[in-house]
Amino acid sequence: MTGQVTASEVEAVARECIAVVDSELNALAAPAFEPALHADPSAALAGVPFAIKDSGPVASGVPFSLGSRSITAARSPVDSTIMVRFREAGLVTLAQTTAPEYGLSFATESKRYGATRNPWNLDRGVGGSSGGAAALVAAGAVPLAHANDAGGSIRIPASSCGLVGLKPSRGRTPSGPLVGEAGFGLTVEFAVSRTVRDSALLLDCVSPHAPGEKYSMPTPLSRFVDAPTTDPGRLRIGVTTATAPGSFTDPQITRATVMCGELLEWIGHELDEGGPTLATSDLLEAEMLAVYSSGAAILSLPHQPDEALLEAVSRRVLRETASAGVVDVERALAAQNRVTRAVADFFSHHDLLLTPTMAVLPLAIGALDYDDPDCTVRQWLQRLLEVSPFVSAFNISGNPAISIPLAQSREGLPIGVQLVAAPGREDLLLAVAAQLEQAAPWSDRLPLIYAD
């Protein structure tokens, strides 16, 4: 910090930028907070503008709706532990960002808020479920925004909007205090950013173990913020663009992933073809854990939602959760075990895995219809797997993964590639992502809607 501007001046500019870009993008779930949520004015990120996601409960006293018309009077009774960490880091929380209903879509287009639009092309979506967060960061309104990920909800918006989206290891960031494990351990809290270093610095601020958490990661030997400038040595990296038979990956995305592999070889890493051997049926069944968890959280509310105000897939989520028994949950847990074992076997002889983040370019507004009355929950999950068959496995297994905006399509749309590491090795992800950021910089690529 040089002292050339004050925190209040930065906040004033950020508020103006948020208002300007939101008029085009529809990324806010509510009017901006006035005043900003309290934070430590002397901390490492003091004065940095920030936003939280309407995934609730996040911040004490702040209303949340989970993107649903059916939730109208919910307020968080306490700060989530990660919100405490955001405040302790000094982040100036100015707004709450949009999310699809119950966070169960890769399109941030709820009936409550309408469509959040992509700053690169207003006819395209921003991904989901952390879509409003990605839109604000991509448009330059804030440098960081809270996001979470149960099946790709950090990485898909990051890929769609040209951002860095790190999903930390299970247990690296806190889930409490109101839940012991979010989404049966599939859901991880963190953020989206524009640079690898920003994600690394924030991870240092929010990742120390919190007492009472069900899962934890060993304390790293060095700061994550040092990883982008640390030589990771020669690594063995698997690379795959393979999908299930009959699935499709856009050729431009395949080429971007191959190009990334070539860059990694040029940098000095060893590449070989292939990834974990995973059954699509296991991915679908294990992701039902996130579905059951979301449904159970809603069904446990003191006031049950009016089904007439729910979108169609949400109605099915609640009905299937209510009818599920121990055998159904055990079946999903068994599938999770099979996925986790297969992923662990791969990382017993590889340092990293390289894949596309998405199989398709950022989707047109309306391409994913969450209000389709004929769509069952498993059919919905299958649709999400068609958007990306590459991301949910690592929520299921708990591995850290990062999407970086390494390329653009001929239409000028962002293309993300994903790196995955063994549990606890965010340092490797950050080091190699930084090598790629230096070899193929993306900082000079700006979207159509951008706050100058």
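Here the sequence shown is numbered in the working numbering, starting from 87 and rising by one per residue.
Positions of the beta carbon are idealized from the N, C-alpha and C atoms, including for glycine.
Since we're looking at a predicted model, the values are computed, not measured.
From the DSSP output, read off the bridge partner residues of residue i.
{"i": "H232", "result": "A277"}
{"i": "S196", "result": "G200"}
{"i": "K253", "result": "A487"}
{"i": "P533", "result": "DSSP output for P533 lists no bridge partner at all."}
{"i": "I501", "result": "A493"}
{"i": "A507", "result": "L438"}
Within 10 Å of its beta-carbon, does residue i have 16 or more other beta-carbons around it, so buried, or fewer, so exposed?
{"i": "K300", "result": "exposed"}
{"i": "Q90", "result": "exposed"}
{"i": "H435", "result": "exposed"}
{"i": "V412", "result": "exposed"}
{"i": "R322", "result": "exposed"}
{"i": "F334", "result": "exposed"}
{"i": "A145", "result": "buried"}
{"i": "R198", "result": "buried"}
{"i": "T340", "result": "exposed"}
{"i": "R309", "result": "exposed"}
{"i": "D437", "result": "buried"}
{"i": "D165", "result": "buried"}
{"i": "R531", "result": "exposed"}
{"i": "L287", "result": "buried"}
{"i": "Q422", "result": "buried"}
{"i": "R496", "result": "exposed"}
{"i": "D431", "result": "exposed"}
With residue i as the anchor, note down where its alpha helix (DSSP H) starts and where it stops.
{"i": "N485", "result": "No alpha helix (DSSP H) holds N485; DSSP gives it neither H nor E."}
{"i": "A159", "result": "From DSSP, A159 is part of no alpha helix (DSSP H); its letter is neither H nor E."}
{"i": "D513", "result": "E512 to A525"}
{"i": "D284", "result": "V282 to V292"}
{"i": "Q390", "result": "Per DSSP, Q390 belongs to no alpha helix (DSSP H) and is neither H nor E."}
{"i": "M169", "result": "T167 to A175"}
{"i": "E373", "result": "T366 to L385"}
{"i": "R341", "result": "P337 to I353"}
{"i": "G217", "result": "G217 to A224"}
{"i": "R241", "result": "R241 to C247"}
Could you check where the beta strand (DSSP E) with residue i kicks off and where it finishes?
{"i": "A181", "result": "V178 to T183"}
{"i": "R210", "result": "N207 to G211"}
{"i": "I323", "result": "R322 to V325"}
{"i": "E359", "result": "E356 to E359"}
Please say whether residue j and residue i have beta carbons closer to each other than 8 Å?
{"i": "V473", "j": "A445", "result": "yes"}
{"i": "S216", "j": "E373", "result": "no"}
{"i": "T183", "j": "G214", "result": "no"}
{"i": "A487", "j": "K253", "result": "yes"}
{"i": "H124", "j": "R173", "result": "yes"}
{"i": "L522", "j": "I490", "result": "yes"}
{"i": "S141", "j": "N207", "result": "no"}
{"i": "V223", "j": "R280", "result": "yes"}
{"i": "A116", "j": "R101", "result": "no"}
{"i": "G176", "j": "A129", "result": "yes"}
{"i": "A243", "j": "I168", "result": "Looking at the sequence provided, one finds Pro at residue 243 rather than Ala. It is not a contact, given that the beta carbons lie outside the stated cut-off."}
{"i": "G298", "j": "P263", "result": "yes"}
{"i": "V178", "j": "E267", "result": "no"}
{"i": "L499", "j": "C346", "result": "no"}
{"i": "T426", "j": "I482", "result": "yes"}
{"i": "A493", "j": "P314", "result": "no"}
{"i": "T366", "j": "L471", "result": "yes"}
{"i": "A181", "j": "L114", "result": "yes"}
{"i": "P205", "j": "V107", "result": "yes"}
{"i": "P149", "j": "Y456", "result": "no"}
{"i": "Q504", "j": "T443", "result": "yes"}
{"i": "G211", "j": "L447", "result": "no"}
{"i": "G238", "j": "F192", "result": "yes"}
{"i": "P459", "j": "I157", "result": "no"}
{"i": "A93", "j": "P127", "result": "yes"}
{"i": "A227", "j": "C247", "result": "no"}
{"i": "Y188", "j": "S409", "result": "no"}
Every unbroken beta strand (DSSP E) within the region 100-157, with a cutoff of 3 residues, ordered by chain: 135-139
As an exercise, report each continuous alpha helix (DSSP H) stretch of at least 4 residues that is fully enclosed by the region 435-474, in chain order. 463-473
Which residue spans inside the region 397-422 form an unbroken alpha helix (DSSP H) run of at least 4? 398-409
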